[in-house]
Amino acid sequence: MSSLAQPMAANLVQSVDWLAIAPPTIAAAVGLVVLVADLFIAEHKKAVLGWTSVAGLAAAVLLLLPLLDGDRSTFCLAGDAGLCSYTADRFTLVIQFLVLGGALLAALLSVTALKDANKQLPEGEFWFLLLSSAAGAALLPASRDLATLIVALEVASLPAFALVGLRHGDRKSSEAALKFFLSSVTATAVSLMGISFVYASTGTLYLTQIADRVQNVDGQLQTLTQTGVVLTLVGFAFKTAAVPFHFWVPDTYVGAPLPIAAYLSVVGKAVGFTGLILVTVIMLPSYADVWGPALAALAALTMTVGNVGALRQQATRAYSAVRLLAWSSVGQAGYLLVPIAAAAYSDDAERSIGSTVAYALMYAAVNLGAFAVAALVGRTKTLNRISDYRGLYARNPLSALILAFFLLCLAGLPPGIIGLFAKVTVFSAAVDAGLGWLAVVMAVNVVIALFYYLQWTALLFRAPEGEPVRYLAPAPLTAAMAVTGVVGIVLSGAPQLILRFADTGLF
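Add 453 to a position in the sequence shown, counting from 1, and you land on the number used in our numbering.
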């Protein structure tokens, strides 16, 4: 009896590739260290928690470098090394760079925000939640089974709810957190229902096994499988803030601390789109005739509603600058959906997914930069209206030039060449896949977006009302603006670099 038990036990023991899982593990470990250290550090020394978190995220980003030499997998099924729960391939590393780099920049913004919050934001809890969410976001692109995928998705999402509503005594913040929570919980419930149906009909949670088995499901289970596929797709569409699942975005961005709004606009979006890519292109390629048209319709609807919503923002309305960036992020989500939809029709699905990743990298850099300037202006203009940016060039020439550059990148106009390059890449993905109508819708939306981006840009250089008061940028804010500005300028000079970097190697 004991001789039989020993080999069975040995089969259940899995070796762990610690280097492969190091980036999310470091983020999670530093989060725990910060939470415990918060109990013992005096109030006037709490700033050390922020810089420890920044250092932890920087270390997590640096630990991606040793993984570039080849694909690594761990937590593999006993007896089948091809079925693993965690895979650090090129796609994983690119997305992990995006989310950990985005979290690092959001952390730099947060250092100043927490200092200015006058103890309204508890520092230990803030940094623990941010690092926990970043760890979940870094785990998600490596997930190759549905259980790990959903766990990673929720580890990334649940701390974000708390971050949005963490500000003490702020009704707007609590309302934003509630809307975000209800929409995300609905998405999770729908996803889990769909996943349970898919598991019941295929008998596996591994994405590649589902891709093989879902094509040969017993006839009696066909309806169950199709329902599971639809519910899973709907759940992940919620996570991407695609229309009509976008209603929480503007109020959540306004109610959240500004660095968290920046974090959600980039890292939160990357989490949703990564999950959608894994579920569609890897798990359900045989259902491309279902998710392809659905995502194409969602892309057209999302970019249109997002850009029209941004166009309607009034410059004198409270928080109109943040609302414009929120609606703009919904429109950008529509552009990001286009190549994923195109992958259903294209002979080269990897190239289409690469277009989405390239666009996401461009958007992450310039959008975080725009939020950094918004955080600078918001230090003195707490209502953060678009009209507050009038004459910014007279007050702080460098930040005005940087914001103008970021807005032109988002619009896709020179000198923001990287924005134009990314849009052309997405546009060509739609045309190559035969989605000419979607390319036309995208072109119309790009023109709509030009109006509000250029309107805001022009306002920066108009004569200020009253005596101009200079904005003093703290070192962390300056660092965030400098990093995003340099990345945007370098990529505008050599835009082909982003396509090479975004070569996912997903297949």
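Heads up, the beta-carbon is just placed ideally off N, CA and C, and yes, glycines get one too.
Practice problem: In angstroms with no decimal places, state the Cα-to-Cα distance between Ile474 and Ala541. | Solution: Roughly 8 Å between the two C-alpha positions.
Self-check item: Local conformation of Thr693 per DSSP, three classes
Solution: Coil.
Exercise. Enumerate in chain order the residues of its own chain whose CB-to-CB distance from Leu888 is below 8 Å, with the five nearest sequence positions on each side excluded.
Key: Around Leu888: Ala749, Val791, Ala794, Ala795 and Tyr798.
Quiz prompt | Cβ-based burial, Gln673 [other Cβ within 10 Å; buried from 16] | solution = Label assigned to Gln673: exposed.
Self-check item: Supposed contact pair Val720 and Ala933 - C-beta distance, whole angstroms, cut 8 Å
Solution: With a Cβ gap of about 14 Å, Ala933 and Val720 do not count as contacting.
Self-check item: Proximity winner among Ile942, Leu778 and Ile735, relative to Tyr906 (alpha-carbon distances)
Solution: The shortest C-alpha to C-alpha distance from Tyr906 to any of Ile942, Leu778 and Ile735 is the one to Leu778.
Quiz item: Would you call Ser468 buried or exposed, if buried means 16 or more other Cβ atoms sit within 10 Å of its Cβ?
Solution: Counting every other CB atom within 10 Å of its CB across the protein chains shown gives Ser468 a total below 16, marking it as exposed.
Quiz item: Is Gly787 close to chain D, meaning its C-beta is less than 8 Å from at least one C-beta of that chain?
Solution: The displayed structure is made up of one protein chain only, and chain D is not part of it.
Quiz item: Quick one: what does DSSP say Thr527 is sitting in, helix, strand or coil?
Solution: Strand at Thr527.
Quiz item: Thr676 to Val564, Cα distance in whole Å?
Solution: Approximately 52 Å between the Cα atoms of the pair.
Self-check item: Residue of Arg543, Ser626, Ala480 and Tyr816 minimising C-alpha distance to Leu518
Solution: It is Arg543.
Quiz item: Is the beta carbon of Pro929 less than 8 Å from the beta carbon of Leu562?
Solution: It is a contact, given that the beta carbons lie within the stated cut-off.
Quiz prompt | Where the alpha helix (DSSP H) containing Gly503 begins and where it ends | solution = Looking at the DSSP string, the run of the alpha helix (DSSP H) that includes Gly503 is Ala500 to Leu515.
Quiz item: How far does the alpha helix (DSSP H) with Leu584 in it reach, from first residue to last?
Solution: Taken as a continuous stretch (DSSP letters only), the alpha helix (DSSP H) holding Leu584 covers Glu576 to Leu592.
Quiz item: Roughly how many angstroms lie between the CA atoms of Leu950 and Glu496, to the nearest whole one?
Solution: As the crow flies, the alpha-carbon of Leu950 is around 45 Å from that of Glu496.
Exercise. Figure out for me which residue from Ser596, Val819, Phe880 and Tyr740 has the closest Cα to the Cα of Leu658.
Key: Comparing alpha carbon positions, the residue from Ser596, Val819, Phe880 and Tyr740 closest to Leu658 is Ser596.
Quiz item: Using CA coordinates, which residue listed in Arg915, Ala813 and Thr833 is at the minimum distance from Gly941?
Solution: Per the Cα distances, Ala813.
Quiz item: Does the pairing of the region 702-716 with the region 768-778 give three or more beta-carbon distances under 8 Å?
Solution: The region 702-716 makes contact with the region 768-778: 3 or more CB pairs, one atom from each, lie closer than 8 Å.
Quiz item: Going by other Cβ atoms of all chains shown within 10 Å of its Cβ, with 16 needed for buried, is His699 buried or exposed?
Solution: When all chains shown are included, His699 counts as buried.
Self-check item: Segment limits, alpha helix (DSSP H) that includes Phe493
Solution: Element bounds for Phe493: n/a, residue is neither H nor E.
Quiz item: Can you list, in chain order, the residues of its chain whose CB lies under 7 Å from that of Ala508, leaving out five sequence neighbours each side?
Solution: So no residue of the chain qualifies.
Exercise. Specify, as a first and last residue, the run of the alpha helix (DSSP H) that Pro738 falls within.
Key: From DSSP, Pro738 is part of no alpha helix (DSSP H); its letter is neither H nor E.
Quiz prompt | Buried/exposed call for Asp841, threshold 16 Cβ in 10 Å | solution = Here Asp841 is buried: its Cβ has 16 or more other Cβ atoms, across all protein chains shown, within 10 Å.
Quiz item: Looking only at C-alpha atoms, which of Leu737, Leu856, Ala753 and Val702 sits nearest to Glu628?
Solution: The candidate whose alpha carbon is nearest that of Glu628 is Val702.
Quiz item: Between the region 739-747 and the region 586-595, do at least 3 Cβ pairs fall closer than 8 Å?
Solution: No, the region 739-747 does not touch the region 586-595.
Exercise. Can you tell me which of the three DSSP states Tyr842 falls into?
Key: Tyr842: helix per DSSP, three-state reduction.
Exercise. Check each candidate in Ala902, Arg843, Gly647 and Val826 and name the one with the smallest Cα separation from Pro927.
Key: Checking every option, the nearest Cα to that of Pro927 belongs to Val826.
Quiz prompt | Check whether Gln785 and Ile839 have beta carbons under 8 Å apart | solution = Going by C-beta atoms, Gln785 is not nearer than 8 Å to Ile839.
Quiz item: First and last residue of the alpha helix (DSSP H) that includes Val552?
Solution: First-last of the alpha helix (DSSP H) with Val552: Arg543 to Asp569.
Exercise. Give the single residue among Ser782, Gly656, Asp522 and Tyr652 whose Cα lies nearest to the Cα of Val696.
Key: Out of Ser782, Gly656, Asp522 and Tyr652, Ser782 has the C-alpha closest to the C-alpha of Val696.
Self-check item: Residue environment, Val900, which counts as buried when at least 16 other CB atoms sit within 10 Å
Solution: Exposed, because fewer than 16 other Cβ atoms sit within 10 Å of the Cβ of Val900.
Quiz prompt | Presumed contact (8 Å Cβ cut-off) between Ala864 and Leu912, rounded CB distance | solution = With a Cβ gap of about 14 Å, Ala864 and Leu912 do not count as contacting.
Self-check item: CB-CB length for Thr878 against Leu952, believed under 8 Å
Solution: Right, their Cβ atoms sit about 7 Å apart.
Quiz item: Which full runs of the alpha helix (DSSP H) of 4+ residues lie inside the region 884-932, going along the chain?
Solution: Fully enclosed alpha helix (DSSP H) runs of 4 or longer: 889-913.
Quiz item: Where does Thr540 fall in DSSP's three states?
Solution: Thr540 falls in the strand class under three-state DSSP.
Quiz item: Can Ala802 and Val734 be called in contact, C-beta distance under 8 Å?
Solution: Yes, Cβ-Cβ distance for Ala802 and Val734 is below 8 Å.
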